[in-house]
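Scroll down for the structure; my scribbles are underneath it.
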Amino acid sequence: MKSIGNSLLTLALLVPAVYANPTFDGHTLHIPFIDTKDQAGVYQSIEMQPVDSNLWRLVQVDEGVLHQGLQTVEVLKTDTAPVQVFLIISGMHSSSCDEIGNVASRYDAATSTLVVNLYYQPFGEGACTGVFRPFEHVMALPVFGVLAGEYKVLVNGTYEAPFELLEDNKLDRP
Numbered sequence: 015m016k017s018i019g020n021s022l023l024t025l026a027l028l029v030p031a032v033y034a035n036p037t038f039d040g041h042t043l044h045i046p047f048i049d050t051k052d053q054a055g056v057y058q059s060i061e062m063q064p065v066d067s068n069l070w071r072l073v074q075v076d077e078g079v080l081h082q083g084l085q086t087v088e089v090l091k092t093d094t095a096p097v098q099v100f101l102i103i104s105g106m107h108s109s110s111c112d113e114i115g116n117v118a119s120r121y122d123a124a125t126s127t128l129v130v131n132l133y134y135q136p137f138g139e140g141a142c143t144g145v146f147r148p149f150e151h152v153m154a155l156p157v158f159g160v161l162a163g164e165y166k167v168l169v170n171g172t173y174e175a176p177f178e179l180l181e182d183n184k185l186d187r188p
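All residue numbers for the sequence shown refer to this note's numbering, where the first residue is 15 and numbers rise by one.
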């Protein structure tokens, strides 16, 4: 029987390390995204500035918009141990200004599901053409140290891709 607790702990430790970290430039704290209970990465491009001791002022925050142009989601696994797992997301941008923005994720231990949200990159002012452009986004999934079992990835709440680890995904050293 696999230990969900160990898998959850492993994913909780690894998932945040894959993505951008908050930075402080001496004047402004930049936070790429913040999760809510219901959605990973819903608040984006957060900027805060110190006002006083232990007091910060919110300068900027955007509400993320999930990318609507997804068409396929595929999981690719390597054959060598430890196994590496990649998520390949393909689709179409709906204008010349569309780009992929933040990618936020969290692990749901109850369903053995890694929930991934792919957001639009907000663009500045300017004219955009309605030209559809294909895209492909590849990301490594944090599976090192994860126990054997069946898992799935759910992208933007719609696209599901299952995968299985046939054995505990660890590095065997002589």
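All C-beta atoms in this analysis are idealised placements derived from N, C-alpha and C, irrespective of residue type, glycine included.
Only a predicted model underlies this, so the values are computations on that prediction, with no experimental measurement involved.
- Taking the C-beta atoms as reference points, residue 73 is found nearer than 7 Å to residue 61.
- Residue pairing by DSSP puts residue 71 in a beta bridge opposite 63.
- For residue 122, the beta-bridge partners assigned by DSSP are 127.
- Per the DSSP secondary-structure output, residue 149 pairs in a beta bridge with 105.
- DSSP lists 58 as the beta-bridge partner residues of residue 76.
- Two segments are said to touch when three or more pairs of C-beta atoms, one from each, lie closer than 8 Å; by this definition the segment 89-98 touches the segment 171-188.
- According to DSSP, residue pairing for residue 176 in a beta bridge involves 166.
- The residue among 103, 77, 68 and 128 with its C-alpha nearest the C-alpha of residue 84 is 103.
- Inclusion of residue 58 and residue 131 in the CB contact set at 7 Å is not warranted, their separation being larger than that value.
- In the DSSP assignment, residue 47 falls within the unbroken beta strand (DSSP E) covering 43-48.
- Residue 88: member of the beta strand (DSSP E) spanning 84-91, first to last residue.
- The C-alpha of residue 163 is placed about 5 Å away from the C-alpha of residue 179.
- Taking residue 161 as reference, the option from 181, 142 and 69 with the minimal CA-CA separation is 181.
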